[in-house]
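S.K.:
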Amino acid sequence: MRALVISPIATDPSSQGNSVRVGRLCELLEYAGYTIHFLYYGLEGVNDDQRRAMSRRWRHVHFVDVETRIKATAPDGYALDDFCGPELLRAVETLQLQWRFSLAIVNYVWMSAACEVIDPETLTIIDTHDLFGDRHYTLQEQGVAPTWYYTTPAEEARGLDRARLVLAIQDEEADVLRQRTKREVATLGHILPENFLQPRRREDGVLRIGYIASGNPSNRLSLTRLIEAASRREVAALGLRFVVAGEICRHLPPDIAAFEAVGYVDDAVAFYRDIDVVVNPNISGTGLKIKNVEALSFGMPLVSTGSGMCGIFSDTPAHLCKTVDDAVEMLAGLSRPGALDALRLASRSVYTKYMRTQIAAFDVILAKARAHGGAGGRPE
0 MRALVISPIA TDPSSQGNSV RVGRLCELLE YAGYTIHFLY YGLEGVNDDQ
50 RRAMSRRWRH VHFVDVETRI KATAPDGYAL DDFCGPELLR AVETLQLQWR
100 FSLAIVNYVW MSAACEVIDP ETLTIIDTHD LFGDRHYTLQ EQGVAPTWYY
150 TTPAEEARGL DRARLVLAIQ DEEADVLRQR TKREVATLGH ILPENFLQPR
200 RREDGVLRIG YIASGNPSNR LSLTRLIEAA SRREVAALGL RFVVAGEICR
250 HLPPDIAAFE AVGYVDDAVA FYRDIDVVVN PNISGTGLKI KNVEALSFGM
300 PLVSTGSGMC GIFSDTPAHL CKTVDDAVEM LAGLSRPGAL DALRLASRSV
350 YTKYMRTQIA AFDVILAKAR AHGGAGGRPE
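Each residue of the sequence shown is one higher than the one before, counting from 0 in numbering that gives the first Met the number 0.
#1: Quick check for students: name the residue ranges of the beta strand (DSSP E) that lie wholly in the segment 272–320, counting only runs of 3 or more.
#2: Please classify E26: does DSSP put it in a helix, a strand, or coil?
#3: W98: which of M53, I35, A78 and Q139 sits nearest, CA to CA?
#4: Report yes or no: do three or more beta-carbon pairs, one from the segment 288–302 and one from the segment 174–192, lie closer than 8 angstroms?
#5: Who are the Cβ neighbours of A359 in its own chain at under 7 angstroms, not counting the five residues just before and after it?
#6: Under 9 angstroms, do A90 and D81 count as touching if we go by C-beta distance?
#7: Give me the Cα-Cα distance between I104 and Y39, rounded to the nearest whole angstrom.
#8: Taking DSSP's pairing of strands, which residues face G132 in a bridge?
#9: For I69 and Y148, I'd like the C-alpha separation in whole angstroms.
#10: So, helix, strand or coil for E379, using DSSP?
#11: Does the segment 345–352 come close enough to the segment 300–316 to have 3 or more Cβ pairs within less than 8 angstroms?
#12: Can you list, in chain order, the residues of its chain whose CB lies under 6 angstroms from that of P145, leaving out five sequence neighbours each side?
#13: Applying the 10 Å Cβ sphere with the 16-neighbour rule, what's the burial state of T93?
#14: Give the DSSP bridge partners of I8, in chain order.
#15: Using CA atoms only, rank isn't needed, just tell me which of T127, W57 and Q49 is closest to A380.
#16: Look at D275 and L225 and say whether their C-beta atoms are less than 9 angstroms apart.
#17: Can the beta-carbon of A212 be found closer than 9 angstroms to that of I247?
#18: Can you grab the Cα-Cα spacing for the pair T123 / V65, in whole Å?
#19: Check G337 in the structure and name its three-state DSSP category.
#20: My parser needs the alpha helix (DSSP H) runs of 4 or more residues fully inside the segment 205–250; what are they?
#21: Just how far apart, CA to CA, sit S54 and S313?
#22: Below 7 angstroms CB to CB, which residues in the same chain sit around A9 once its five sequence neighbours on both sides are set aside?
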């Protein structure tokens, strides 16, 4: 069985949530017996290191250079296909002359034009990642300037209707998408294996708080709010220290009390072993916060704002802080005897229930693919 995965996001390096999502879904399909054909439409460019990494990771990798000028053509933002040039469609058609595919996953609704040139026998799936209809209004309401693709709900609906199946990354967005498309909508969150770590030995008495994030505008604003809240609470005097990792480090001002930057993390296990608790001060954005799923998969105590937990059910107060100030106050309270261990147990329980639901959802999607039949069953 062969799966064609079309993505405008490189899987390597896995430095942001969407690249992690794309790569993980490819891995899950491999585990299910599919041979991956990863087609990277180079909207974000590609360097030699990325080419080598992706070529090592996937059985077949197809690089398509962007030849079309990317620009907004609609008066109120981007038209559906403004990010998708005819060179991508030609590449898909060429691949199908050599291989037949059981299923094709198209990442993002603004790549959906590819669905129209994929063989009818192939099950076409759009992995939405996020809502893009009126996305700019949502971000502006949250205080974040839109810097990426957004369109109208009508254009989004037109793109979704091109597929046979639409994947939402969380249930709230699935409800919205069902109102916008006539296609079946299923929820598939983020699946990660259990890798619970032993607690760090706190011989120094300092509570090391990890924050790992990409450098997108939403995360930059969240980091600013975290710094402000920590300053108001004078966390250094409380023995709290924030360890910041990932691309967001480039936006951490120097010499901020109780904050240190460790840069891009190659070894996630080493990062989580060196901290006591994870914080997500998320104040904006949509979709699913992959960083929270990752922290839970390592069995880490997690303190998050409620918006950071969208798509992950929890009734634990530390996971549902209303403000960043509340999150910092919650962190300060973890010095109480037993508080950190109790939060660790609660976080692990949330992970277990969430993962059980996502694995069941993925099994249903695989069953739909098998029921669809289609091409791609011949040996490589």
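Ideal placement from N, C-alpha and C gives every residue a C-beta, glycine not left out.
M.R.: In short, the structure shows the following:
#1: Listed in chain order, the beta strand (DSSP E) elements of length 3 or more contained wholly in the segment 272–320 are 276–279 and 301–303.
#2: As a first step, residue 26 is located in the sequence shown; it is residue number 27 there, counting from the start. Helix, per DSSP.
#3: Numbered from its first residue, the sequence shown carries residue 98 at position 99. A check of alpha carbon separations from W98 across M53, I35, A78 and Q139 identifies I35 as the nearest.
#4: Inter-segment contact for the segment 288–302 and the segment 174–192 is present: three or more beta-carbon pairs are separated by less than 8 angstroms.
#5: By 1-based counting over the sequence shown, the position of residue 359 is 360. Nothing listed; no residue qualifies.
#6: Taking the sequence shown and counting its residues from 1, one reaches residue 90 at position 91. Taking the sequence shown and counting its residues from 1, one reaches residue 81 at position 82. Not closer than 9 angstroms, so no.
#7: The residue you call residue 104 lines up with position 105 of the sequence shown. The residue you call residue 39 lines up with position 40 of the sequence shown. Cα to Cα, the separation comes out at about 12 angstroms.
#8: In the sequence shown, counting from the first residue as 1, residue 132 sits at position 133. Answer is T150, bridged to G132.
#9: Numbered from its first residue, the sequence shown carries residue 69 at position 70. Numbered from its first residue, the sequence shown carries residue 148 at position 149. C-alpha of I69 to C-alpha of Y148: approximately 11 angstroms in a straight line.
#10: Indexing the sequence shown from 1 puts residue 379 at position 380. Since pLDDT at E379 reaches only 46, below the 50 mark, its modelled position is unreliable, and the value read off the structure follows with that caveat. The three-state secondary structure of E379, taken from DSSP, is coil.
#11: Short answer: they touch.
#12: Looking up residue 145 in the sequence shown gives position 146. So the qualifying residues of the chain are H135 and L138.
#13: For the purposes of this step, residue 93 is taken as the residue at position 94 of the sequence shown. T93 should be labelled exposed.
#14: Along the sequence shown, read from residue 1 onward, the residue named residue 8 stands at position 9. When beta bridges are read from the DSSP output, I8 appears opposite no residue.
#15: Because the chain is modelled from 0 through 379, residue 380 falls outside the range shown and cannot be assessed.
#16: One-based indexing of the sequence shown puts residue 275 at position 276. One-based indexing of the sequence shown puts residue 225 at position 226. No, the pair does not count as a contact, with Cβ atoms beyond the cut-off.
#17: As a working note, residue 212 is residue 213 in the sequence shown. As a working note, residue 247 is residue 248 in the sequence shown. Contact: yes.
#18: Along the sequence shown, read from residue 1 onward, the residue named residue 123 stands at position 124. Along the sequence shown, read from residue 1 onward, the residue named residue 65 stands at position 66. Taking the straight line from one Cα to the other gives about 22 angstroms.
#19: The residue given as residue 337 occupies position 338 in the sequence shown. Coil at G337, not helix or strand.
#20: Qualifying alpha helix (DSSP H) stretches, in chain order: 216–232.
#21: Counted from its first residue, the sequence shown places residue 54 at position 55. Counted from its first residue, the sequence shown places residue 313 at position 314. S54 and S313 have their alpha carbons spaced roughly 39 angstroms apart.
#22: In the sequence shown, residue 9 corresponds to position 10, counting from 1. Excluding positions up to five away in sequence, the list reads S18, Y39, E43, V45, Q49 and M53.
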